[in-house]
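Reading through the structure tokens given below for one structure.
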Amino acid sequence: MTTKLTERSEWKALESHCSEIKDAHMRDLFADASRAARFTLKAEDLLLDYSKNRITAETMGKLVALAESADLKKWIEAMFTGEKINATEDRAVLHVALRAPKDAVIEVDGENVVPAVHAVLDQMAACSGQIRSGEWKGHTGKPIRNIVNIGIGGSDLGPVMAYEALKPYSQRDLNIVFVSNVDGTHIAEALQGLDAEETLFIVASKTFTTQETMTNAHSARSWCLDALKDEAAIAKHFVALSTNADAVSEFGIDTANMFAFWDWVGGRYSLTSAIGLPLMIAIGADNYTELLAGYHKMDVHFRTAPFAENMPVILALLGIWYNNFFGADSQAILPYDQYMSRFAAYFQQGDMESNGKYISRSGEKVEWQTGPIIWGEPGTNGQHAFYQLIHQGTKLIPCDFIGFCKSQNPIGDHHVKLMANFFAQTQALAFGKTAESLEAEGVPAELIPHKTFEGNRPTNSIMAEKLTPSVLGQLVALYEHKIFVQGIIWDIYSFDQWGVELGKILAKAILPELEAESALAHDASTNALIEYFRANK
Ligand code: F6P
1 MTTKLTERSE
11 WKALESHCSE
21 IKDAHMRDLF
31 ADASRAARFT
41 LKAEDLLLDY
51 SKNRITAETM
61 GKLVALAESA
71 DLKKWIEAMF
81 TGEKINATED
91 RAVLHVALRA
101 PKDAVIEVDG
111 ENVVPAVHAV
121 LDQMAACSGQ
131 IRSGEWKGHT
141 GKPIRNIVNI
151 GIGGSDLGPV
161 MAYEALKPYS
171 QRDLNIVFVS
181 NVDGTHIAEA
191 LQGLDAEETL
201 FIVASKTFTT
211 QETMTNAHSA
221 RSWCLDALKD
231 EAAIAKHFVA
241 LSTNADAVSE
251 FGIDTANMFA
261 FWDWVGGRYS
271 LTSAIGLPLM
281 IAIGADNYTE
291 LLAGYHKMDV
301 HFRTAPFAEN
311 MPVILALLGI
321 WYNNFFGADS
331 QAILPYDQYM
341 SRFAAYFQQG
351 DMESNGKYIS
361 RSGEKVEWQT
371 GPIIWGEPGT
381 NGQHAFYQLI
391 HQGTKLIPCD
401 FIGFCKSQNP
411 IGDHHVKLMA
421 NFFAQTQALA
431 FGKTAESLEA
441 EGVPAELIPH
451 KTFEGNRPTN
461 SIMAEKLTPS
471 VLGQLVALYE
481 HKIFVQGIIW
491 DIYSFDQWGV
501 ELGKILAKAI
511 LPELEAESAL
521 AHDASTNALI
531 EYFRANK
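Under full-length UniProt numbering, the first residue of the sequence shown is numbered 1, with each subsequent residue one higher.
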């Protein structure tokens, strides 16, 4: 067993190193002409410039030593070889198998899972081909024009994010909508104006028991039957993405219309499982294959590159540097691409549901910070909303800027303006603006403190030539593996999510109390709120 994180010499070395360099300013660090090149990394189609961080070569060496002290190499191999590293659920963690090539061999309990993965991919390709070509007909013989994906959390955020990101690759005459919230408003608005004869529902749920999804699925079923007036219509208008065949057939969906996945796929890591079906329908099997190939490239990089040149490892270590040694609570993800508008929201679940844990793998309360708060919006909108606080607030917020050289929509000078803002923001955050330069510009003395920018605010710049399916796959895998590395170093289990259970159980108990006038036995606040609801509903 490894020594407790904060007692390791590698941790202590970082603590004392931090107290030595925490006041070093990037203005001075950049006096070294080789700095930008030294702290720039290329992996496949991605470029990471991490020179605008409060680090030196010594910092990076010490962070890499910390990763080694956590047996990271061993854990990476354990994940890739199907060991049951999700110990509290006794499961392997094999989202990497979902994008492995056909001839790969990855075993769980002595069985190679890769052939089953490719069988489902083939089934998805056949279904999406039929829908895209109009060959899949609804109950009354009309082709499908609307796809309504019903799912929540990992069964929603990934497909939504990737559908938005890859919209330029999508078949535009298909209307793809996503329903997640149990609030009836979500499905009511999504179904507005849709013709049931041309609508296919995809019920996406790993467990097929999630309250929100099952409630929406039953409402969709009623809506469909009200319009088509025939139970036999369900076979043509509903498919399921799930690990739970019994619950799927109990709902009334023929298991021939079920696309399977497995308990070794975590919900928030399931985008490349059957959960990707709405995306494949949108962009087609060829683009989807390119997306998987992109993921796989990053998987191979992560598994094989030395830590000092390993992009997910470097991002993870920089995150730990600020989270644990500078006391930064949050991390912003700022894509300068409108198509990436849901990327931060996707990794809000990916990161916070994975690493929002205070119990260590040995079952004790940790004595160090774990997962950060993840948030963000696309640039430049964020600049006109919350960047003020990043520049001049009292909190340190490390930011990942993500941008592309080529636009999918090269209209006039929009793209150069967009990217000029990207570069300007990272520059301003790092170098700020001094009182002396304001004075030289003739700024009145009383305004100088207000107009001064301290700078020294860390950013990573992640760039690629263009947001292609392959590049999106590389980016998602980059962040997935970053989260993995951090979880290993923080000594927590990243692949369970027990913290979501209590609320679900309590909601189940409260539900009948909202429908009947039974006696209430909660705390005084909850009782009063329920009574107010009952009196005014
Ligand atoms: O929020 C908890 C959670 O279990 C997530 O991990 C998961 O992505 C989501 O619910 C949806 O679960 P399911 O796909 O089983 O409906």
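Just so you know, even glycine gets a beta-carbon here, dropped at the ideal spot from N, CA and C.
Distance between residue j and residue i (C-alpha atoms, nearest Å)
i    : j    : result
C399 : A528 : 42 Å
T210 : T56  : 47 Å
G266 : L94  : 8 Å
N181 : K537 : 20 Å
P378 : S407 : 15 Å
A345 : W375 : 7 Å
E49  : P115 : A small correction: the amino acid at residue 49 is Asp; Glu does not occupy that position in the sequence shown. When rounded, the distance between both Cα atoms is 38 Å.
P512 : E250 : 24 Å
L241 : M311 : 32 Å
W262 : F80  : 16 Å
Y532 : N244 : 39 Å
G455 : L506 : 46 Å
M161 : A516 : 40 Å
L191 : F39  : 50 Å
M280 : G393 : 43 Å
A445 : L438 : 9 Å
D413 : T426 : 21 Å
A196 : P469 : 31 Å
K84  : D351 : 20 Å
K395 : E364 : 29 Å
W11  : K102 : 42 Å
D156 : A435 : 48 Å
D286 : E198 : 25 Å
A424 : Q171 : 36 Å
Coarse secondary structure for residue i, derived from DSSP in three states
i           : result
C399        : strand
E517        : coil
R8          : coil
K365        : strand
S330        : strand
residue 538 : The requested residue 538 is not part of the displayed model; the chain covers only 1 to 537.
G287        : Note that residue 287 is Asn in the sequence shown here, rather than Gly. Three-state result, N287: helix.
T304        : helix
T88         : helix
residue 550 : Lying before the first or after the last residue shown, residue 550 is absent from the chain, which here runs from 1 to 537.
P143        : strand
L292        : helix
P444        : coil
D45         : coil
S461        : strand
S242        : strand
A260        : strand
P512        : helix
F201        : strand
residue 565 : Within the shown structure, residues of the chain are numbered from 1 to 537, placing residue 565 beyond reach of any answer.
W375        : strand
K433        : strand
P335        : strand
I492        : coil
Beta carbon of residue i nearer than 8 Å to that of residue j
i    : j    : result
G138 : I144 : yes
V366 : W498 : no
V117 : A97  : yes
F208 : I150 : no
A204 : I275 : yes
N257 : V239 : yes
F347 : Y163 : no
R54  : A24  : yes
I390 : D329 : no
Y336 : G403 : yes
A477 : D299 : yes
L315 : K482 : yes
V313 : A67  : yes
N355 : I492 : yes
Among the options, nearest to residue i - alpha-carbon criterion
i    : options                   : result
K52  : V113, A535 and T459       : T459
R342 : A308, L472 and E197       : L472
H301 : S16, K42 and A33          : K42
A78  : L46, I488 and T185        : I488
G82  : V113, L66, K102 and L63   : V113
N323 : V179, W368 and V313       : W368
M124 : C224, Y288, T2 and S170   : Y288
V64  : A305, S128 and W264       : A305
A126 : L277, D254 and G158       : L277
G294 : D496, A464, E501 and A519 : A464
is_contact[residue i, chain D] using C-beta, thresh 8 Å
i    : result
I462 : Among the chains of the structure shown, chain D does not appear; only one protein chain is present.
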